[in-house]
Amino acid sequence: MRLIEQLAALQALDAQIDRCRQRYHEIQAALQPAETLQALALRRKGLQEHVAQWQQTQKQREQAVAAQTAKIQEQEKLLYGGMIKDAREQVNMQHNIEALQRQHAALEEDALAALLEVEQSSATLAEVEQVWQAEAAAWRRQQALLQGELQQVIQEARKFKAERDGAAPKIAAQALRQYESLRQQKNGVAVVKIDGASCGGCGSLLPTARRQQAYGDDLVTCPICGRLLATT
């Protein structure tokens, strides 16, 4: 195998390694929780806390209603049980009961408002929960696929790296250094094929003598872009 052919084969391996490396980083980025899922999780948590707070408020307000009801019943028992004989005291107690009843009505309104808030918030939470569950399930499925692909990419990269480690020492050291330098300068493409009469890298027309030299054993570069010229 000619030297240029060895370098072309090495470049093919390097291209595969680069592809694996790029895909590895893409998968690692994709494995991070999606922003939409994070936003849903935050909203879900906020609604759960909101519902819990209002359930506690509802309980407290219902307890206040029950306590007020007990007060009214106690006062009515005294008033209508014949325990109070004085007419003026009876009138005062009646007024007191009416005041307690007005307070009771206000407490009932507050308790009803809390109940409605719990029901509405719970309904919203149920909707968000449903969407979150669907999104989370889809994300978990995607994660499983990505994890599988990640392992495949890692295995491929190891295989190509092993092949490269076996091929590189067989190439002349000076030629290998030239190739590595060009790869860094030319975005990973050090070796290009001659396309008709032109350089396959930059597209410039190659002198006839330069094209003929490329069929020999020595390394030949494009006079314009400096890449190594391969004939096959």
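Under our numbering, the first residue of the sequence shown carries the number 112, and numbering increases by one thereafter. Glycine residues also receive a C-beta, built at the ideal position from the N, C-alpha and C atoms.
Here DSSP, grouped into helix, strand and coil, assigns Ser309 to strand. For Val303, DSSP records a beta bridge to Leu340. When rounded, the separation of the alpha-carbon atoms in Pro144 and Lys270 is 30 Å.
For the 7 Å CB-CB criterion, Ser232 and Val300 do not form a contact. Rounded to the nearest angstrom, the Cβ distance from Leu317 to Ile305 is 7 Å, consistent with a contact under 8 Å.
When C-alpha distances from Gln241 are compared across Ala152, Gln258, Leu189 and Ala178, the shortest belongs to Ala152.
Between the beta-carbon of Glu274 and that of Cys131 there is about 12 Å, and that puts the pair past the 8 Å contact cut.
Between Arg322 and Pro334 a beta carbon distance of about 11 Å is seen, past the 8 Å cut, so the two are scored as non-contacting.
Its chain contains Gln253 and Leu257 as the residues whose beta carbon lies nearer than 8 Å to that of Ala141, once the 5 sequence neighbours on both sides are disregarded; these appear in chain order. Around the Cβ of Ile265, a 10 Å sphere holds fewer than 16 other Cβ atoms; the residue is exposed. Spanning the alpha carbons of Ile208 and Gln186 requires a straight line of approximately 7 Å.
Annotation for Glu173: Ala222 place their beta carbon closer than 6 Å to its own, counting only its chain and skipping 5 residues before and after. Look at Leu287 here: in three-state DSSP terms it is helix.
When secondary structure is reduced to three states using DSSP, Leu189 falls in the helix class. Just measuring C-alpha positions, the residue of Lys281, Ile282, Thr342 and Leu330 sitting nearest Ala308 is Thr342.
Under a 10 Å Cβ-count criterion, Asp125 is classified as buried, with 16 or more other Cβ atoms of the shown protein chains found around its own Cβ. Taking C-beta atoms under 8 Å as the contact rule, Leu118 and Ala325 fail to qualify, at a distance of about 13 Å.
Boundaries of the alpha helix (DSSP H) around Cys131: Leu114 to Ala141. The alpha carbon of Gln212 has as its nearest neighbour, out of Ala181, Leu226 and Asp197, the alpha carbon of Ala181. Counting other Cβ atoms within 10 Å of its Cβ, Arg338 reaches 16 or more and is therefore classed as buried. Within a 10 Å sphere around the beta-carbon of Ala225 sit 16 or more other beta-carbons, which makes this residue buried. Collapsing the DSSP output to three states places Leu316 in a strand.
7 Å or more divides the Cβ of Val239 from the Cβ of Arg134. Rounded to whole angstroms, Ser315 and Met112 show a C-alpha spacing of 27 Å.
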